[in-house]
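Asks: Provided herewith is a single structure, encoded as structure tokens, for subsequent inquiry.
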Amino acid sequence: MTNQIKTEYDLLIIGGGINGTAIARDAAGRGLSVLLCEKDDLARHTSSASTKLVHGGLRYLEYYEFKLVRESLKEREVMLRSAPHIIWPLRFVLPYDKTLRPAWMLRAGLFLYDYMGGRKMLPPSKRVSLSKGRYANILHEDFTFGFEYSDCWVEDARLVVLNAVAAKEKGADIAVGAKVCDLKSTADGFTAIINHSDGQEQTVHAKGIVNAAGPWVEDVLQSIKPGRNDNSLRLVKGSHIVVPKLFDDEHCYTFQNGDGRVVFAIPYQQDYTLIGTTDVPHDEADNLPEISADEISYLCDAASEYFLKTITPDDVAWTYSGVRPLYDDKAADASAVTRDYVLSVEELAQGAPFMSVYGGKITTARKLAEHAMEQLADFYPQMGDKWTREESLPGGDIANADFDGFLAQAKTRYPWLPANICHHLARAYGTRIHILLQDMASLEDMGQCFGNILTEAEIRYLINHEFARNGEDIMWRRSKLGLHMTQEQRAAASAATHAILAAK
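According to the numbering used here, the residues represented by the sequence shown are 1 to 504, in order.
Written out as structure tokens, the structure reads:
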């Protein structure tokens, strides 16, 4: 999907992560002309490297982050309704460890977690036995009971992409592989040179800027306002490991660790278990994060403290790491740094706002965008009212947010589609499965199949509708199908992607 960039915009947004795309969607829906530029791929960095949870953040209660937890819990249900194909409920088991937090403290924290956010769609927490029933023979026998509570899973990179698709459908221009350079303030706004990955260069003018560059937010600010600024970032690396499936049920685990942190173990891509995350200070945004041997050992050891099966580095099938660009609240411990966001607006020219976005998390991105537009309202008196709370994301207009019912209808409508492919397409695209499968009546109509799920038809859809530009975009961000493919299959899918793009 390509965009013809204009020369004049109300708002230029720098950064195609969750915050940038959510703001683009909100702003375009209020009638502003918007250009979003992402120098790499949408969700290429932090926003595809999360633990993939829409959650209140149970552990943040210990840091008295009540406002953040309450807002996150309220947003959890808003997001669940808006995109039930890529967001769905999970039940987490928190085992009681008699050497760590007392049981009364866990129960009190979960009571707050149940009720401070106005929970309606998800079941409440409860005490459970770990020595019998569905939880038996998974954890060490020392863990005899625990507590079960609700949160939600999210396909994080797809959430970013769907916000970008929605922004485009509201009129925004989305430029992927487009780096903003030579940013300057003028008498009535800002000018920027956009360097595209194909070597083209364009100059644009915008009345206002939103700097949502994530780990690079300070670099962007320094480019137009050198010197010391009031706000700053704290870069913290979070890493995850993926190992072969450790248990068969669909529930998840929240493990308390001896250092005061928690580690999650979550069913992942049918055949695996995702374990994370770490909190390690990171030095430079341009130093792309990679998991260290110490982090792998830390996660293996933390999980092995609980699971009957000992997890070793040899079990690790895949890893990923991301840099969290947190607002620096001067906390001594990286784990204690606030996950809340700060929006800083400066009027660098008459009537020309420059907003920098610090921190934030996937769960609160929609609300962050709403707050951003509230702070920009005086500069754009023509813009409309807030609107995103009640509107579904692309593909999320599923009746009563009933994904199982929708999947059953899809299987009836496409009886020729193998069950695994039908489930994958319904989960990834929701009601937009009908666009992908338009005019198709057989599996052969979908073209070559790479591995056991990814088809040529899906590759074409992702190129034409979701800004994909290469095989990595498709296999590791728009989907995680690369995890299920051999090296040869991944190479073949990448070659097919290149050929389709070259023929456009």
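Using N, Cα and C, we set each Cβ at its ideal position, and we do this for glycine too. Given the structure is predicted, the values throughout are model-derived calculations rather than measurements.
Grab the span of the beta strand (DSSP E) containing Gly-29 for me, first residue to last.
Replies: Premise fails: Gly-29 lies in the alpha helix (DSSP H), 18-29, not in any beta strand (DSSP E).
Asks: Just reading off the beta strand (DSSP E) that Ser-129 is part of, what are its end residues?
Replies: Run containing Ser-129: 126-129, per the beta strand (DSSP E) assignment.
Asks: Less than 7 Å between the beta carbons of Gly-384 and Arg-30, yes or no?
Replies: Cβ atoms of Gly-384 and Arg-30: closer than 7 Å.
Asks: What span of residues does the beta strand (DSSP E) with Arg-234 cover, start to end?
Replies: Start and end: 233-244.
Asks: Any idea which residues DSSP pairs Lys-367 with across the strands?
Replies: Per DSSP, none; premise fails for Lys-367.
Asks: Residue range of the alpha helix (DSSP H) that Leu-104 falls in?
Replies: According to the sequence provided, residue 104 is Trp. The question's Leu does not apply to it. Counting along the chain, the alpha helix (DSSP H) containing Trp-104 begins and ends at 103-115.
Asks: Taking buried to mean at least 16 other C-beta atoms within 10 Å of its own C-beta, is Ile-435 buried or exposed?
Replies: The residue in question, Ile-435, is exposed, as its Cβ has fewer than 16 Cβ neighbours within 10 Å.
Asks: Just confirm the distance between the C-beta atoms of Thr-278 and Tyr-298, as a whole number of angstroms; I'd bet it's less than 8 Å.
Replies: Contact flag correct, Cβ pair sits at about 6 Å.
Asks: With H, G and I counted as helix, E and B as strand and the rest as coil, what does DSSP make of Glu-374?
Replies: Helix.
Asks: Among residues of its own chain, excluding the 5 on either side of Asp-397, which ones have a beta-carbon nearer than 6 Å to its beta-carbon?
Replies: Thr-431, listed in sequence order.
Asks: If you run the structure through DSSP and keep just helix, strand and coil, what is Ala-49?
Replies: Coil, per DSSP.
Asks: Could you give the C-beta distance for Leu-162 and Ala-212, rounded to a whole number, given that I count them as a contact under 8 Å?
Replies: The pair is not a contact, with the Cβ atoms about 17 Å apart (cut-off 8 Å).
Asks: Contact check, Tyr-308 vs Tyr-341 under 8 Å by CB: the rounded distance?
Replies: Here the sequence assigns Leu to residue 308, which means Tyr is not the residue at that position. Between Tyr-341 and Leu-308 the Cβ distance is about 40 Å, and since that is not below 8 Å, they are no contact.
Asks: Please return the same chain residues whose Cβ sits closer than 7 Å to the Cβ of Arg-81, not counting the five positions on each side in sequence.
Replies: Within the same chain, Arg-81 has close Cβ partners Ala-401.
Asks: Going by CA-CA distance only, name the one from Trp-416, Phe-92, Val-180, Leu-437 that's closest to Cys-252.
Replies: Checking every option, the nearest Cα to that of Cys-252 belongs to Phe-92.
Asks: Quick check on DSSP: helix, strand or coil for Ser-392?
Replies: Note: Ser-392 maps to coil in three-state DSSP.
Asks: Between Gln-222, Pro-215, Ala-172, which has its C-alpha nearest Leu-183's C-alpha?
Replies: Nearest option by C-alpha distance: Gln-222.
Asks: Could you tell me if the beta carbon of Arg-107 falls within a distance shorter than 6 Å of some heavy atom in the ligand ADP?
Replies: This structure lacks the ligand ADP, and indeed carries no ligand of any kind.
Asks: Short of 8 Å in beta carbon distance, which residues of its chain neighbour Ala-175, apart from the five on each side in sequence? Order them along the chain.
Replies: The residues are Asn-3, Ile-5, Leu-35, Leu-36, Cys-37, Glu-38, Ile-194, His-196.
Asks: According to DSSP, is Glu-155 part of a helix, a strand, or is it coil?
Replies: The answer is coil: DSSP assigns Glu-155 none of H, G, I, E or B.
Asks: For Gln-409, which three-state DSSP category applies?
Replies: Note: Gln-409 maps to helix in three-state DSSP.
Asks: In three-state terms, what does DSSP make of Met-505?
Replies: For the chain, the structure presents residues 1 to 504; residue 505 sits outside this window and is missing.
Asks: Please go through the same chain and pick out, in chain order, the residues whose beta-carbon is closer than 7 Å to the beta-carbon of Pro-123, but skip the five residues on each side of it.
Replies: If we look at Pro-123 and ignore the five residues flanking it on each side, its Cβ neighbours are Ser-150.
Asks: Would you kindly work out how many angstroms separate the C-alpha atoms of Gln-269 and Met-121, rounded to a whole number?
Replies: One C-alpha to the other measures close to 24 Å.
Asks: Can you name, in chain order, every residue of its own chain whose Cβ lies under 8 Å from the Cβ of Phe-147, other than the five neighbours on each side?
Replies: For Phe-147, where only same-chain residues beyond five positions count, the Cβ hits under 8 Å are Val-93, Leu-94, Tyr-96, Leu-106, Arg-107, Leu-110, Ser-125, Lys-126, Arg-127, Val-128.
Asks: Give the straight-line distance between the Cα atoms of Thr-254 and Glu-75, rounded to the nearest whole angstrom.
Replies: Going by the C-alpha atoms only, they are around 21 Å apart.
Asks: Please give the ranges of any alpha helix (DSSP H) in the segment 252-332, keeping only runs that are unbroken, at least 4 residues long and fully inside the region.
Replies: Within the segment 252-332, the complete alpha helix (DSSP H) runs of at least 4 residues are 293-304.
Asks: For a test of the three-state rule: what should DSSP assign to Lys-179, helix, strand or coil?
Replies: In the structure shown, Lys-179 sits in a strand (DSSP, three-state: E or B).
Asks: Give me the DSSP bridge partner(s) of Gln-60.
Replies: According to the sequence displayed, residue 60 carries Tyr and not Gln. Answer is none; Tyr-60 lacks a bridge partner.
Asks: Is the beta carbon of Ile-453 sitting closer than 7 Å to the one on Leu-462?
Replies: No.
Asks: Could you compute how far the alpha carbon of Arg-134 sits from the alpha carbon of Lys-245?
Replies: Their Cα atoms are separated by approximately 16 Å.
Asks: Please confirm if the segment 55-63 is in contact with the segment 374-388, defined as three or more CB-CB distances below 8 Å between the two stretches.
Replies: No contact exists between the segment 55-63 and the segment 374-388.
Asks: Kindly indicate which residue of Leu-11, Ala-28, Ala-22, Met-116 has the alpha-carbon position closest to the one of Leu-56.
Replies: The question names Leu, but residue 56 in the sequence shown is Gly. Of Leu-11, Ala-28, Ala-22, Met-116, the residue nearest in Cα terms is Met-116.
Asks: In its own chain, which residues sit with a C-beta less than 6 Å from the C-beta of Arg-477, not counting the 5 before and 5 after it?
Replies: Same-chain partners within the cutoff: Ala-43, Ser-48, Ala-157.
Asks: Tell me whether the beta-carbon of Arg-25 lies closer than 7 Å to the beta-carbon of Ala-166.
Replies: Yes, the pair counts as a contact, with Cβ atoms nearer than the cut-off.
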